[in-house]
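Since the structure comes first, as structure tokens, the remarks are kept for the end.
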RNA sequence: GUGGGUGUCGUCAAGUGGUUAAGACAACGGGUUGUGGCUCCGUUAUGCGAGGGUUCGAAUCCCUCCAUCCACCCCA
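Residue numbers (the working numbering): 422 to 842.
What follows is the structure in structure tokens.
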């Protein structure tokens with residue numbers, strides 16, 4: 422029990438953290454290229470922020486939030502997603518009063534109380550970007566382009582971009598009615614889950630996996646046909662923008678975001694190589710969210726990318742992240758005098774930017790070499806009584822097993838050059 | 001929340017009622033205290049997810065629980 426990690430969480434251990442560091446650094450670089458700046462907001466917020474932002478009737482809010490009362494009797498919730506907190510900060514710091522648009526990125530843990538499965542955790546992590554203040558579809562295209570380029574940079578080829586428009590509140594409401602009218606006569610034939618979706622989220626019925634529902638849904642009205650002029654034009658603009666960027670996409674009328682705040686653009690980068698949870702990046706436009714949360718009428722568009730899923734896709738495609746060396750130089754010593762000399766040498770090497778290490782377990786000489794090999798040192802320096810006396814040190818190149826002597830005064834410089842070569 | 005699979009050393013595993021629970025890899029030690037990756041030798045589960053039960057006898061059968069994986073739902 423004490424040594425059991427909580428359900429649905431993962432430790433990131435020392436031999437894997439480099440992968441995350443790599444992705445985090447690259448993501449920040451890409452964001453910088455696109456003019457996005459990082460924000461860091463708390464991992465918990467007032468519960469009401471999510472209720473209002475994500476929507477009271479969504480699954481996320483209704484049954485998946487980690488909510489608790491703090492000692493001041495406030496209802497607090499661990500972030501289930503990143504956008505709400507970003508909007509809150511945007512409002513609280515009155516960023517809308519500055520030069521627009523505002524382009525923000527973040528990385529954050531998210532928490533949802535769900536039953537874990539492949540690609541689904543209770544604590545997972547997202548990269549996210551948000552653009553505030555831009556209503557033109559160019560912003561949507563930019564945001565999609567950022568995700569696209571980042572994904573391509575990482576070498577991932579099997580993520581497909583799916584886009585859809587889910588309209589604005591007006592046209593979506595009309596469409597919902599039309600869809601419900603279409604399905605109402607077939608209600609009794611729908612699978613139980615779809616019957617429950619009928620009122621709550623009828624658009625989900627369109628991509629139900631049950632064959633019966635698939636059949637019943639044939640000929641159903643499509644959201645795109647119900648878009649108002651404004652939404653329709655926006656969707657066409659987006660497609661034109663993506664084409665201009667040479668970004669391949671497919672229109673997927675089945676995309677329904679599970680968070681209420683989305684309007685117009687909805688998109689996902691999906692794969693089928695990592696199991697059932699194939700959405701690696703999902704996002705869209707939310708033109709009413711800022712206002713809904715008590716701010717001025719400011720449009721927004723953004724996405725979240727699941728870091729664990731991203732890594733799963735990379736792994737499934739055999740993409741390797743360069744593993745940093747743990748040690749460039751290992752100093753093997755014999756005897757007390759040599760030990761002190763070695764301790765100082767290692768310290769000096771580090772001062773010169775060399776990853777250096779020495780034995781701290783009183784291993785015998787052979788054991789030290791073995792350890793040097795294990796940690797992947799490129800060079801091993803030998804220090805014993807002979808070396809201390811002659812001021813000539815043995816340097817062994819671990820890759821090709823050659824060994825040679827270097828004068829004491831040239832040793833550090835020599836190693837610096839070798840390692841950086 | 002619903003369903004299915006799995007649980008034997010750090011890892012991969014053999015074992016399906018009968019004396020001391022194979023093996024491989026890893027780890028650690030050693031092959032006459034100055035040299036790694038190869039090789040050789042040695043060490044490493046009174047224990048088989050936990051707790052009950054059946055039995056002369058259980059890792060092997062039964063029950064309960066727990067963990068984990070996968071799928072539905074939902075989403076990153």
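All C-beta atoms, glycine included, are put in the ideal place defined by N, C-alpha and C.
What are the partner residues of residue i, as DSSP defines its beta bridges?
i           : result
residue 545 : 531
residue 526 : 459 and 550
residue 465 : 499
residue 674 : Bridge partners of residue 674: none, in fact.
residue 646 : Residue 646 pairs with nothing; no bridge assigned.
residue 804 : 754
residue 783 : Its beta-bridge partners do not exist; DSSP assigns none.
residue 845 : No information on residue 845 is available, as it lies outside the stretch 422 to 842 that the chain covers here.
residue 823 : 818
Mind checking which residues open and close the alpha helix (DSSP H) that includes residue i?
i           : result
residue 841 : 829-841
residue 481 : 480-484
residue 518 : Residue 518 -> no alpha helix (DSSP H), and no H or E assigned at all.
residue 510 : 504-513
residue 702 : That residue, residue 702, is in no alpha helix (DSSP H); its beta strand (DSSP E) goes 700-706.
residue 470 : 468-475
residue 440 : 438-454
residue 432 : Segment: none, residue 432 is in no alpha helix (DSSP H) and carries neither H nor E.
residue 572 : 558-574
residue 638 : Counting along the chain, residue 638 falls outside any alpha helix (DSSP H), and DSSP gives it neither H nor E.
residue 771 : 757-772
residue 793 : 786-795
residue 741 : Element bounds for residue 741: n/a, residue is neither H nor E.
residue 712 : 710-713
Nearest CA to the CA of residue i: which residue from the options?
i           : options               : result
residue 797 : 745, 758 and 438      : 745
residue 625 : 826, 480, 825 and 822 : 480
residue 791 : 823, 751 and 478      : 751
residue 439 : 706, 459, 499 and 747 : 747
residue 496 : 451, 556 and 488      : 488
residue 853 : 507, 446, 530 and 485 : No information on residue 853 is available, as it lies outside the stretch 422 to 842 that the chain covers here.
residue 527 : 660, 450 and 782      : 450
residue 677 : 776, 629 and 838      : 629
residue 719 : 522, 452 and 457      : 522
residue 680 : 763, 694, 627 and 505 : 505
residue 807 : 794, 820, 822 and 829 : 829
residue 483 : 498, 490 and 755      : 498
residue 560 : 842, 538, 535 and 524 : 524
residue 631 : 644, 643, 610 and 640 : 610
residue 554 : 706, 804, 494 and 776 : 706
residue 441 : 840, 539 and 733      : 733
residue 696 : 737, 710, 834 and 669 : 737
residue 429 : 537, 803 and 491      : 537
residue 539 : 770, 735 and 698      : 698
residue 462 : 477, 476 and 502      : 502
residue 668 : 777, 572, 788 and 771 : 572
residue 392 : 507, 666 and 492      : The chain is shown only over 422 to 842; residue 392 falls outside these bounds and no answer can be derived.
residue 818 : 654, 423, 793 and 809 : 793
residue 834 : 731, 770, 464 and 612 : 770
residue 820 : 800, 836 and 839      : 800
residue 646 : 836, 674, 426 and 831 : 674
residue 741 : 575, 532 and 436      : 575
residue 589 : 476, 653 and 731      : 653
Starting from residue i, follow the beta strand (DSSP E) in both directions and report where the run begins and ends.
i           : result
residue 488 : 487-490
residue 750 : 750-754
residue 725 : 721-727
residue 684 : 684-691
residue 585 : 581-586
residue 814 : 813-818
residue 778 : 777-779
For the ligand PLP, I want to know if residue i counts as a neighbour, meaning its beta carbon is within less than 8 angstroms of at least one of the ligand's heavy atoms.
i           : result
residue 599 : This structure simply doesn't include the ligand PLP, nor any ligand for that matter.
Review point. Any contact of the stretch 469-476 with the stretch 558-574, i.e. 3+ C-beta pairs under 8 angstroms?
Key: Contact fails: fewer than three Cβ-Cβ distances are below 8 angstroms.
**Study point:** At least three beta-carbon pairs within less than 8 angstroms, the stretch 685-697 to the stretch 576-585
**Key:** At 8 angstroms Cβ cutoff, the stretches touch.
Practice item. Report yes or no: do three or more beta-carbon pairs, one from the stretch 715-728 and one from the stretch 547-563, lie closer than 8 angstroms? Key: Touching, yes, given that three or more Cβ pairs across the two stretches are closer than 8 angstroms.
**Study point:** At least three beta-carbon pairs within less than 8 angstroms, the stretch 631-643 to the stretch 654-661
**Key:** No contact exists between the stretch 631-643 and the stretch 654-661.
Review point. Within the chosen definition, does the stretch 751-765 reach the stretch 588-600 through at least 3 CB pairs nearer than 8 angstroms?
Key: With the rule of 3 Cβ pairs closer than 8 angstroms, the stretch 751-765 does not count as touching the stretch 588-600.
Practice item. Inspect the CB distances between the stretch 690-704 and the stretch 599-618 and report whether three or more fall short of 8 angstroms. Key: A contact between stretches requires three or more CB pairs, one per stretch, nearer than 8 angstroms, and the stretch 690-704 fails this requirement with the stretch 599-618.
**Study point:** Cβ contact (3+ pairs, closer than 8 angstroms) linking the stretch 703-722 and the stretch 504-520
**Key:** A contact exists between the stretch 703-722 and the stretch 504-520.
**Study point:** 3-residue-minimum beta strand (DSSP E) runs that sit fully inside the stretch 584-624, ordered along the chain
**Key:** Complete beta strand (DSSP E) runs here, min 3: none at all.
**Study point:** Segment contact flag, the stretch 639-658 with the stretch 537-548, C-beta cutoff 8 angstroms, min 3 pairs
**Key:** Contact fails: fewer than three Cβ-Cβ distances are below 8 angstroms.
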